[in-house]
Each structure stands twice: as C-alpha cells, then as structure tokens.
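In my numbering, the protein residues as written are 107 to 571.
In structure tokens, the structure reads:
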C-alpha cells in the first residue's frame, strides 16, 4: 500500500500518539521511523533516565539503612547492572509501542523520509533496500531533536559525551563536569553524584534550573551542595582541552578564570531540532529562526497537507507537550474542532532528589508583568508524612492573584512531587482558586496536604506552620 490518509514521520511521544489517535478516528495510517520505535524519549531519554535514577534512589536508601532501622552491609553500586536494567526497561516500553501500532493497524516503515510535496514522502526503506514514494492526504512531521554541543567542545562520545553516552557507561568516571543545569544536566549530575562520582555542575546563568522559580533553584542548589556536588553559577565555559589524561575546562566566573579538571565532560546545553534532511526547503515549508517550523494553533504549516509537532516547532520541548499537540493536530484534521493548547498551563518536572514540579507563572514572572499577587508557601519539614518518610527537604509554593484568588503558578520541591502536580494543572484548567484548594479535603497523612496548606498560607490561615 503506497497511499494512506495520514503519514506520520517519527515514532516518538508525538508521532506514535498522532498515529494511534488517527487510527482510532478511522484513518489509514503509516508511521515512518529511522531508529527505535518510541523515539528518543522512550529509548534514550525520559524512560531509561528514570530507571537509572530509581537505581540511584534504591542505592541511597541502602546507604542510609540505619536511619530506617535496619542494616545493609557492603553496599556498592554496580553500574553495569544498573545500565542493563535501564536498557531492559526501555526495550520493554519500545516493544509495547510496537504492539500498540499493530493493535491499531498502523503500517510501520523503517527508513528515512524526505518530503517530495505537501502530500508525498520518499522513504529510503531500510528493510526493502529501496526508495518508495508514499502519498497521503496529510503528513505529520514529528522527528524530535538531538543533543546540541558547544562549538569549542564538540561531542566525541568518549571524553565529551551527550545524554546517550551518559545513559550507558561501562564504568563510572572518577570525576564528571556537566555543562548546563537544565533538567537533563541536573538529572545526570545528581545520578552520578549519588554513585560517588565527583561532579561539577556548571551553569551560564545566575542559578541552576534557570526556568524554575528562584526559590526552587535555590533549594536544589542547597541540596546538591549538601550532597557534595560542586555547583557553579554565572559561569561560562570558555574552552575544553581533551589532549591530556584529564579534560581541562577553562571557566570564567565572577571571581575570575578558573581551571577545572574532570575525567569526562557531559554537554547538556540544549537540543537541536531534526529539521535538516527532511526536504523542507525544497517543498517551501516556512521556518522560524532557521531551524524550527512555523505552525498555526492546529499545527498546520504554510504548505497545504504538511503539519509539524513536538521539538521541531517553537513550543516547549517536552514529551507530554508533543503528545498533546499530536492529539490536537489529528483531531483538527478529522474535523473535531479541538481546543488549542494552553502553553501557559504546561507542567514541567525534574527528577532529581528532591524532585521538582511546576506549572504556570514564577514569582519573578508575576513581578515582571506587574500582577498584584500573594505567595502561599508550606515546607515539608512540617508535614507528618514527609518526616515519617525521611523526606523533609522542600516545599510547596503557590503564586495567587490577589484580585481574583486564582492560582497563577505552583512550584513544588520534594519527594514524589512530580506525581502531585497534575491535580494543580487540572484545577488551573477550570479556573481553580486558592479558596477551592483550601476547601478541598486532602487525605492525611500525605505529601499532597502541603498543597492545601500552601493555599491556606496565601490567605494567612495556615494551620500547621
């Protein structure tokens, strides 16, 4: 079959979700994937990273066994076994997505795709060993992104590595310098430090996790330093010399120029959208800043029949954003008139310890736009569940509109807060106020009670703090 209603290029959390939703709505669908089914997130990002972080958490618990009333002798990390478990988890999830594609009667084509028109793609089919042109009424591009690198420190996969190599070490380095403290950099810095590696975390801006609320950044910085990590902010890496036994990084800080030596350097300075080699220029697809594709609220490009979602458009480069865009795009194609996404209500999560979860405006953003706001803050130190769990670090912080009482933003730091943020996202979607949270009974004892307590604090009514 060389013609389909919809062809999706890329099988990551945007691509496979688009394909399955289209099939559910009665469309004939093909998905083109040049690598593993499930994309970067499932195979080399979100999922295997969380598997490694779970191993680090279990190892940390074992090291602190005495605090929980039992003994664990001669506890040592086995990075090979941790990596094997992580890869097994990724493989299992990839097979699960393949099963879903088969279940929904989606044709999977392994190969490279190039646009030939708004309604056709040429695929270099790896299995067939030939090029075939496929036609479709609609083509959805969901090809994701890849690791960026600094011009003076290109990723070589050995001395200067990306997240891919960081996921599959065959041994632990004695020291690691991480350039960039976004979610990827911070998570790997935390993971390697948890296993005893000497870690330098270097951030160009004035705080780590710079997209988060200032209080969140400060809390994680304290937690990292407490764990023995060397955190450098307002620090610019000027050069990386890999010619010697150790990598030498020249770093400019407020104190002057410093030299840092590390066995390995992890480049975590963002990602590049995979928009090259797709034939976009030949077909006439309009771009934004050269690399990202311009789309409307339903992800239509300027070329009739071509759509784009995920990391290749100018929205948050997050797996759950790509999935939401996929559903909105497909439902619009199928005439369901979905509500456009609210990009101001997208949650972000960072899986360090303590975890970070946030949605909406930071306090800094509220100040910049001149909103009259109130802050409600509750520390987990006063939470019975947190103390019982031995997870006292962190807090819940709410930014509340002083005039309307609506929750403008929520910023959580603590154990399992990534599992708590969705309720706030759902509430904000329907105009939730701090009063709504105060008068919603929260179960006791739970970490989630801190959300209610923070809402109470914004009204000056907090009971337990």
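All C-beta atoms in this analysis are idealised placements derived from N, C-alpha and C, irrespective of residue type, glycine included.
Problem - Residue environment, residue 229, which counts as buried when at least 16 other CB atoms sit within 10 Å - result: buried
Practice task
Determine which residues share a DSSP beta bridge with residue 109 and list them.
Solution key: 241
Exercise for the section: Starting from the C-beta of residue 468, find all residues in its chain whose C-beta is less than 8 angstroms away, skip the five residues before and the five after it, and write them out in chain order. Expected result: 318, 319, 320, 505, 515 and 517
Practice task
Below 6 angstroms CB to CB, which residues in the same chain sit around residue 400 once its five sequence neighbours on both sides are set aside?
Solution key: 392 and 394
Exercise for the section: Could you please give the first and the last residue of the uninterrupted beta strand (DSSP E) stretch that includes residue 252? Expected result: 251–253
Exercise for the section: Taking only runs that begin and end inside the region 281–307, name each unbroken alpha helix (DSSP H) of 4 or more residues, in chain order. Expected result: 289–300
Exercise for the section: Report the option in 112, 557, 425 and 345 whose CA atom is closest to the CA atom of residue 256. Expected result: 345
Problem - Separation of residue 127 from residue 171, as counted between CA atoms - result: 46 angstroms
Problem - residue 65 versus residue 273: straight-line alpha-carbon distance, rounded - result: Because residue 65 is not part of the residues shown, which for the chain are 107 to 571, the question remains open.
Practice task
Would you identify the three-state DSSP class for residue 222, choosing helix, strand or coil?
Solution key: strand
Handout entry: Check whether residue 145 and residue 121 have beta carbons under 8 angstroms apart
Key = yes
Handout entry: Beta-carbon spacing of residue 252, residue 377 below 8 angstroms
Key = yes
Exercise for the section: Name the residue from 361, 332, 351 and 333 whose alpha carbon lies nearest to the alpha carbon of residue 339. Expected result: 361
Problem - Contact check, residue 124 vs residue 207, beta carbons under 8 angstroms - result: no
Handout entry: Cβ-based burial, residue 535 [other Cβ within 10 Å; buried from 16]
Key = exposed
Problem - C-alpha gap between residue 520 and residue 166, whole angstroms - result: 16 angstroms
Exercise for the section: Could you tell me which of 269, 550, 312 and 310 sits nearest to residue 295, measuring between CA atoms? Expected result: 269
Exercise for the section: Report buried or exposed for residue 446, applying the criterion of at least 16 other Cβ atoms within 10 angstroms of its Cβ. Expected result: exposed
Exercise for the section: Please go through the same chain and pick out, in chain order, the residues whose beta-carbon is closer than 7 angstroms to the beta-carbon of residue 335, but skip the five residues on each side of it. Expected result: 295, 299, 305 and 307
Problem - Neighbourhood of residue 485 by C-beta distance below 7 angstroms, restricted to the same chain and skipping five residues each side - result: 501 and 571
Practice task
Please confirm whether residue 440 and residue 404 have their CB atoms less than 8 angstroms apart.
Solution key: no
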